[in-house]
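> Protein sequences, first through last, are from chains R and L.
Taking our numbering, the leading residue of the first sequence gets 13, the next gets one more, and so forth.
Taking our numbering, the leading residue of the second sequence gets 13, the next gets one more, and so forth.
Just so you know, even glycine gets a beta-carbon here, dropped at the ideal spot from N, CA and C.
Computed from a predicted structure; not experimentally measured.
Provided herewith is a single structure, encoded as structure tokens, for subsequent inquiry.
Protein chains: 2
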Amino acid sequence: MSRKAADSDPICAIARTLDVIGERWSLLIIRDAFYGRTTFKEFRDSLGISTDVLTARLNALVEQGILERRPYRPGGGGRGSRERFDYHLTHDGRQLRPVLGALLQWGNAHRPNDYGPSSVLVDTNTGRPVHIAFVGEDGNEVDTAHVDSELGPGYYAWKAQTAAVD
Amino acid sequence: MSRKAADSDPICAIARTLDVIGERWSLLIIRDAFYGRTTFKEFRDSLGISTDVLTARLNALVEQGILERRPYRPGGGGRGSRERFDYHLTHDGRQLRPVLGALLQWGNAHRPNDYGPSSVLVDTNTGRPVHIAFVGEDGNEVDTAHVDSELGPGYYAWKAQTAAVD
DNA sequence: AGAGATGAGTTGGAAAGACAGACCCAAAAA
DNA sequence: TTTTTGGGTCTGTCTTTCCAACTCATCTCT
């Protein structure tokens, strides 16, 4: 993104997140990274993205701390072999899983394909399916229809700050 | 989006969702709609988006069934007053709340601003805060680190189908 | 009644981003 | 030795975005 929203919206966490992952291919690259793909070739083959754009996106995600670029030696790595890189999710990147989960769930529910869900999320401890939901302080699920936004402390702090400038 | 991903990826629900809401301003418009904004002017003033793009985005979201365009009469609606429209979330649109919630939560956690969270999500029944999480069949929260993707039935059905074509 | 102001756009031109495909270089495989 | 593979860069075209100016019908103020 990196439009002016970044400074006109320092206050909105959604806008800040979109500045990191809102570009056209970013979320699909991150999805692939969750599926275990790591190399340039794997991303290109999977996405059919043009190589210049892929280069740009990978570099941007590395810069943003979502992916980590790691050297590796293909084929076991002889002594003088050329350095190659692959891309792995960082901690911040792995925390995007709920974003992907929410997108997946909405797509399966509201834009189904003819075959049924092609990927499901499971609890690795039990092997049983999981879903994305709002959860209250007591740990109980809250129906999405009963969730609403309220202004938080940061809004009032920011408002007091900027009002002082006027 | 509306690149070829739509047909190369009929199989991926995330790609299908991004075809609906992946354009540059779409999610911020939807965020504003959740905040209660409805008119062209409210969106423009809030986002600072250029008007031609706003027109295009609103029309696209209406076409996708995320927003509904409703006529209203300004100033109470005299007899021959010009028709005006505003935009409201549809049912499908309202179901995007978890997507926004996940983006909000990631931004607050990993890209904090100097003031603290400027908006918080609450249960309208209790007024208490809620958060986004993965939940198992038993209704208990599952740690994101213990969630993984598996291929679903749709993947195998699709694969059998396309293998038959070869 | 006339002079702005307002809401919801349309139009035109410049800049940025995406796309497709050709090309490149080093190492590994045949 | 030739070919293939991985990871790109470079070009040229096409699409999207951005910015600013303009429109047009109503509403408001004087």
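So who's on the other strand from residue 100 of chain R, going by DSSP bridges?
In the DSSP output, where bridge partners are listed per residue, residue 100 of chain R has R/80.
> At the 7 angstroms Cβ level, is residue 147 of chain L part of the contact set with chain R, yes or no?
yes
> Of the choices L/148, L/129, L/126, whose alpha-carbon is the least far from that of residue 132 of chain R?
L/148
> Could you pull out every unbroken alpha helix (DSSP H) segment of at least 4 residues lying fully inside the stretch 104-152 of chain R, listed in chain order?
Those alpha helix (DSSP H) runs which fall completely within the stretch 104-152 of chain R and span 4+ residues are 109-122.
> Which residues in chain L have a C-beta closer than 7 angstroms to the C-beta of residue 50 of chain R? List them in chain order.
The premise fails here: residue 50 of chain R is roughly 16 angstroms from chain L at the closest Cβ pair, so nothing lies under 7 angstroms.
> Which residues in the same chain as residue 154 of chain R place their Cβ atom closer than 6 angstroms to its Cβ, once the five residues preceding and following it in sequence are excluded?
146, 148
> Which residues in chain L sit within 8 angstroms of residue 62 of chain R, going by Cβ to Cβ distance?
Neighbours of residue 62 of chain R on chain L: none; closest Cβ ~11 angstroms, over 8 angstroms.
> On the three-pair Cβ rule with 8 angstroms, is the stretch 61-69 of chain L touching the stretch 151-165 of chain R?
no
> Give the interface partners of residue 46 of chain R over in chain L, defined as CB-CB distance under 7 angstroms, in chain order.
161
> Give a yes or no on whether the C-beta atoms belonging to residue 115 of chain R and residue 29 of chain L are separated by under 7 angstroms.
Yes, the Cβ-Cβ distance between residue 115 of chain R and residue 29 of chain L is below 7 angstroms.
> In angstroms with no decimal places, state the Cα-to-Cα distance between residue 98 of chain L and residue 137 of chain R.
If you take the alpha carbons of residue 98 of chain L and residue 137 of chain R, they lie about 48 angstroms apart.
> So, helix, strand or coil for residue 155 of chain L, using DSSP?
coil
> On the three-state DSSP scale, how would you describe residue 54 of chain R?
helix
> Would you say the beta carbon of residue 27 of chain R is closer than 6 angstroms to some non-hydrogen atom of the ligand HEM?
What this structure holds is no ligand at all, so the ligand HEM is not there to describe.
> Locate the alpha helix (DSSP H) running through residue 38 of chain L, then write down its first and last residues.
38-46
> Drop a sphere of 10 angstroms on the beta-carbon of residue 120 of chain R, count the other beta-carbons inside from all chains shown, and report buried for 16 or more, exposed for fewer.
buried
> Compute the Euclidean distance between the alpha carbons of residue 92 of chain R and residue 37 of chain R, then round it to the nearest angstrom.
For residue 92 of chain R, the predicted structure reports a pLDDT of 41, less than 50, and the residue's modelled location is therefore unreliable. The matter cannot be settled from this model.
> Rounded to whole angstroms, what is the Cα-Cα separation between residue 40 of chain R and residue 76 of chain R?
Approximately 16 angstroms between the Cα atoms of the pair.
> Taking 7 angstroms as the CB-CB limit, is residue 58 of chain R close to chain L?
no
> Flag this pair as yes or no: are the beta carbons of residue 22 of chain L and residue 152 of chain R separated by less than 7 angstroms?
no
> Could you work out which residue in R/58, R/95, R/74, R/57 is closest to residue 32 of chain R when comparing CA atoms only?
Here the closest residue by C-alpha is R/74.
> Out of R/158, R/157, R/144, R/169, which has the shortest C-alpha to C-alpha gap to residue 159 of chain L?
R/144
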